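Start counting the sequence shown at 3; every next residue gets the next number (this note's numbering).
Here the structure comes first, spelled out in structure tokens, and everything after it is commentary.
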Amino acid sequence: MQTALRWDPLVLEPIFKELYSLAMSGKKDFIPLLYNTSTSNKSMESYDGVGGEGLMEEWNKSNNQVFYEDIDELWQKIIKNRKYSDGRIIERDFIDDLKLTEIKTRIISLADAVYKTQQLQAVEFLNNAFVANGENFRGRIESFVGPDGKPLCAVDHPYSPTNSEDVQSNLGDKPLTIDSWDETAVAMQEWKDDRGNPLAVIPDTLIVAPYNARAAFKIAGLPDSDLPKYEPGSNNFDANMYMGNIKVIVNPFISPAKRKNWFAADSARLKQFNQWQWRRKIENGNMTDFDTEVSKFKAIGRWGYGFTNYSFIYGHNVQ
């Protein structure tokens, strides 16, 4: 780098891009763990909610022919792709004087800013799971209600747009213990669809902030561990039926103010109903300015994210 570095856009851009790429490598990305990621080719994407699939019918009860059943429409969700950017300025004197550390620091700081932006956006649905309006990654107030007009976790989710009398809850307030996990898992497995049939939810994922990591792994067990599979806190050596069957996601980007909150999720339904759509992944580029003798290096992209249905998660708002 010392011999090749000079004030030339064709030289600077690949060097800046390589520094950026090295700074991004090795950072843990929680987005694929928390969302279904897809490619978007429009300014926004529409997700049409569909109701329960119903059940099969006995052949002779359907006049000895295939039984066709309509599926009711639920709420529509539109997720807009927003544009985000950040950049750094590298002065020509840094290049001429080979201030390599200063150059590297500025590019690394840009990579860190991009990484933290996306990771903080990825936990907005958790940080604001219990409120209609809350802070986004920049601290600005936005609406976080779902398609049914309720916060992600609420006690009164209506069955359908045409049935608001029947409701069900995915909101609790109990600290994380094996007993509260057990109660939550049972409640989720008793959820029904808009036709009153079981939703067949399988809670297999526990999402926590670092504050609850120890409690979470006591319930789920450590990966690849041969430790005795006993219930935490049990004096009778009761077998822990959950050990090895629950995946734990410890996310350090969950707000410290919400460190005690925890979430049970069905990973298959999470991938179905929590959407992260890439319209334009982060692109880098640079230009040099003739008058000011600075090189500008940018990171810019477009994407959108949001949930289309609440029934993948159960949250506990712990005070």
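Cβ coordinates follow ideal geometry from the N, Cα and C atoms, glycine included.
Being a predicted model, the structure only gives us computed values, none of them experimental.
Exercise. In its own chain, which residues sit with a C-beta less than 6 Å from the C-beta of residue 50, not counting the 5 before and 5 after it?
Worked result: 78
Exercise. Is it the case that the Cβ atoms of residue 314 and residue 279 are separated by a distance below 8 Å?
Worked result: no
Problem set entry | Residues that residue 39 bridges to, as DSSP identifies them | 278
Exercise. Is residue 97 buried or exposed, if buried means 16 or more other CB atoms sit within 10 Å of its CB?
Worked result: buried
Problem set entry | Extent of the continuous alpha helix (DSSP H) run through residue 95 | 94-98
Exercise. Between the stretch 258-275 and the stretch 300-317, are three or more C-beta pairs nearer than 8 Å?
Worked result: yes
Exercise. Taking the continuous alpha helix (DSSP H) assigned at residue 61, which residues delimit it?
Worked result: From DSSP, residue 61 is part of no alpha helix (DSSP H); its letter is neither H nor E.
Problem set entry | Cβ pair count under 8 Å reaching 3, the stretch 64-80 against the stretch 140-157 | yes
For this session: In the DSSP assignment, find the alpha helix (DSSP H) that holds residue 191 and state where it starts and stops.
Result: 180-191
Exercise. Tell me, which residues are paired with residue 170 by DSSP?
Worked result: 159
Exercise. Roughly how many angstroms separate the alpha carbons of residue 2 and residue 196, rounded to a whole number?
Worked result: No information on residue 2 is available, as it lies outside the stretch 3 to 321 that the chain covers here.
Exercise. Which value, in whole angstroms, describes the spacing of the CA atoms of residue 300 and residue 86?
Worked result: 11 Å
Exercise. Hey, is the stretch 209-224 in contact with the stretch 166-181, meaning 3+ C-beta pairs nearer than 8 Å?
Worked result: yes
For this session: May I ask which residues mark the beginning and end of the beta strand (DSSP E) holding residue 251?
Result: 249-252
Problem set entry | Spatial distance of residue 7 from residue 107 (CA atoms) | 16 Å
For this session: Report all residues from its chain with a CB closer than 6 Å to the CB of residue 199; omit the five preceding and five following residues, and keep chain order.
Result: 54
Exercise. Hey, how far is the Cα of residue 298 from the Cα of residue 83?
Worked result: 25 Å
Problem set entry | residue 303 - partner residues in DSSP beta bridges | 86
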